[in-house]
Structure formats: structure tokens, C-alpha cells
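For reference, the structure is listed below as C-alpha cells.
In our numbering, the protein residues as written are 11 to 391.
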């Protein structure tokens, strides 16, 4: 981490901070490449402040690199810099030692993050600066606040020891995303199997960002709308839903209509049966006062038979009306897609080919004949 901080400071031209960071990296994990980086930072800083201590530290570092890695990738450059700095070193370095303590280690603090290239760091309430922040500070406690678009702000309390270099690598958490659901009122809204409200939602649903979520919109009598949605950091998504009437609900409503038609037919058939029964009864009452002639006897027999037949038909259609009505009621009451939408396991329902039958298809066909009335059910599940 310290080497990366030093490299970023070097790129910015803050060679003093680069020297401190590279030195801390070398102290923790000695490496000949870091030796060369320290020498480079000292050389660049010497060109700025002409402090001979930086010059001597640079030449000492180049010699150490050549000694440790004579065939290394930076050996030729190190030799070149020694050749350029040698005459200057002889002139300004008389009586000065690179280890004489002329370079004092200042207390420094660094705050960086790999979470976002647009991160900003504010130290002790100062104006934010682009990360990484590398600053010379006083020993003691300091407060750093790291911000970045699409991430939650992070606050760190850091204690800086005297003459030490403290580096903090901030880990930012993605800002939560939000979901707005609009549409006709009533449908339930579930996110990852959790009920969050009904359409229209009074406020956005807050969800974790950077992951997929299963959003299920359901309502009794409607085909559910189940989607797998990925939300980016701090993203606001709008979902406008309009659920279609389910096939089961259409069948239930059709059954209610069928039951109504059969009920009307039952009343009509019962009326015909009552009329024929009344005609037969009148003839029967006439027989109490006088004998019926052959024509009247024939009418009586015909009326009685017709009354029996239409009564049977009325009973049959009445039973059919009740059966179809009960079937429609069951389909209506149990048409609640929320019972299955939460268990889809993240998979949206596949589109149904047109030539595939509906999951439930029920029909009733009445059958009427002299002396018989009834019907039959046909179903496809």
C-alpha cells in the first residue's frame, strides 16, 4: 500500500511525500526496486530545493541499486544519473553526509481508496481534494471524510504518531439504489420475496446496489409481472406496471356467465313445467265434475308428461348452473398469483406459445332430451 501511495505522490510532484511513503514501504518489505524509487524521488526533490542531503541520498541510492542489482532494469539509468550528479556531488557534498540527519522525517498522513477514481478526501474539515490525500500533519488525532459519486460517505478517525507516516486505504460502500413503482392501484410489490407495499408506492424502495433483485408485482385475477433487475450504485429506476387479466380469471368470469345462462334457462324450463302442470291439474279438476272425453284425456296425458319432462330438464339445468357457478367461484377465489410468484427463484415466467392450452380449461355442455336432462364437464389441467 505504501509503495502505491508513494507512486501517486511522485506522479503529483510531491516528492517529499513520495520519499516518506517509499521509505515506509522499504522498512516493511525491503526491495531493490524501492531503493531505486527512493533515489529517484530524492533526485527530483534536489532539483526543487537544492538541499544537498537529497543529492547525497539520491547518489547513495543509485549506488546501492547497482550493487544489489547490477543487471537490473534500472542499472543503466542509475549509472547515467551517477555520472550526471557526480561532479555536483563532489562540489556540494563536501562535509555533508547522507546519514548526518539533515533530513528530518515529518509526520505525514495519507488517505487513499481503490473503490473509485473520483474519490475526494477532506481532512479535519478542510476543502476536499482528490484521493489520495497526502499531507504533512501534526501528531495526534485527525478526521478524514472520503466521498465519491455513487458511494456512501466514510468517516475515519486517524491517530498520527510523531515522525511517522500513516496510510489509510478507505473501503467505500456503494450507495443504495431506489425503485419507484407506479401503475393502477392495488397490485402487491415484492422485492426478493419481501412485501414492500402496494402500487402506487408512497416512497421509493431502497435496495442494495450492484446486485440483481427479483421484483414481483402480483394481484388476484392478474398475471404476475416478475422481473430480475440489476441496480447500479445510487441508481433510481422507475417501473410502470399494468397487469393483464389472468386466464384463470377469464375462465371464472366465463363460468359465472354460463351459470347465469343456465339459471335463466332453469327458470324458463321450470315455468314451462309449471304451465303444463297447471293445464293437467285443470283437466283433472274437470274430471271431478264429469267424465273426460278421449280428446281431453289425451291432452291431460300430454300435459302431465310434458310437466314431468320439463321439471326434469329444469332440475338438470339447475344442477348444471350450480356446478358451473361453484367451479367459477373456486377459480375466482384461488386466483392469487402471489402464492407462486415468490417461489420463482429469480426466473421470469417463460412466454407461453400460442398453441399451448391454458393451465386450466373447463367447459360444461348441457344435454336435454325427452325424459332426460343433464350435462357433462370437460376439463384440461
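Ideal Cβ positions, reconstructed from N, Cα and C, are used throughout, including at glycine.
- The closest CA to that of residue 28, considering only 309, 65, 120 and 243, is found on 120.
- Secondary structure note for residue 51: its alpha helix (DSSP H) is the uninterrupted segment 42 to 59.
- Taking all protein chains in view, the Cβ of residue 340 is surrounded by fewer than 16 other Cβ atoms within 10 Å, so the residue is classified as exposed.
- Per DSSP, the continuous beta strand (DSSP E) segment holding residue 146 begins and ends at 143 to 146.
- Taken through DSSP and simplified to helix, strand or coil, residue 19 comes out as helix.
- Of all C-beta pairs linking the stretch 273 to 284 to the stretch 311 to 320, three or more are shorter than 8 Å, placing the two stretches in contact.
- Excluding five sequence positions before and after residue 193, the CB atoms of its chain that fall closer than 6 Å to its own CB belong to 209, 250, 251 and 252, given in chain order.
- When C-alpha distances from residue 56 are compared across 79, 37, 236 and 95, the shortest belongs to 95.
- With respect to the 7 Å criterion, residue 237 and residue 219 are not classified as neighbours on the basis of their beta carbons.
- By the C-beta density criterion, residue 145 is buried, having at least 16 other C-beta atoms within 10 angstroms.
- By the Cβ rule, the stretch 72 to 92 counts as touching the stretch 37 to 55, because three or more pairs are nearer than 8 Å.
- Where residue 337 is concerned, the enclosing alpha helix (DSSP H) starts and stops at 304 to 343.
- In the structure shown, the three-state DSSP call for residue 34 is helix.
- DSSP places residue 64 inside the alpha helix (DSSP H), whose first and last residues are 62 to 78.
- Looking at the DSSP output, residue 168 sits in a beta bridge with 152.
- Less than 7 Å separates the beta-carbon of residue 275 from that of residue 327.
- With a 10 Å radius around the Cβ and a threshold of 16 neighbouring Cβ atoms, residue 71 comes out buried.
- The residue from 190, 226 and 213 with its alpha-carbon nearest to that of residue 204 is 226.
- In this structure, the CA atom of residue 137 is about 14 Å from the CA atom of residue 158.
- Beta-bridge annotation (DSSP): residue 120 is paired with 144 and 177.
- Of 233, 261, 178 and 185, the smallest CA-CA separation from residue 12 is found for 178.
- Taking the Cα of residue 246 as reference, the smallest distance to any Cα among 190, 154 and 181 is reached at 190.
- Here residue 34 is buried. Its C-beta has 16 or more other C-beta atoms within 10 Å.
- With respect to residue 231, residue 188 sits apart: the two C-beta atoms are not nearer than 7 Å.
- Rounded to the nearest angstrom, the gap between the Cα atoms of residue 151 and residue 118 is 12 Å.
- One thing to note: residue 180 has its Cβ within 7 Å of the Cβ of residue 156.
- Residue 199 has 207 and 227 as its beta-bridge partners, per DSSP.
- In the DSSP annotation of this structure, the continuous segment of the beta strand (DSSP E) that includes residue 192 starts and ends at 187 to 192.
- For residue 142, the number of other beta carbons within 10 angstroms of its own is at least 16, and it is reported as buried.
- In this structure, the straight-line span from the alpha carbon of residue 200 to that of residue 224 is close to 8 Å.
- Secondary structure at residue 293: helix, using DSSP grouped into helix, strand and coil.
- Of all alpha-carbon atoms in 123, 286 and 229, the one lying nearest the alpha-carbon of residue 18 is that of 123.
- For residue 101, the uninterrupted alpha helix (DSSP H) segment begins and ends at 85 to 102.
- Residue 267 holds the alpha-carbon nearest to the alpha-carbon of residue 342 among 49, 128, 324 and 267.
- For residue 332, the CB contacts under 8 Å within the same chain, skipping 5 residues up- and downstream, are 269 in chain order.
- One Cα belongs to residue 15, the other to residue 195, and the distance between them is close to 55 Å.
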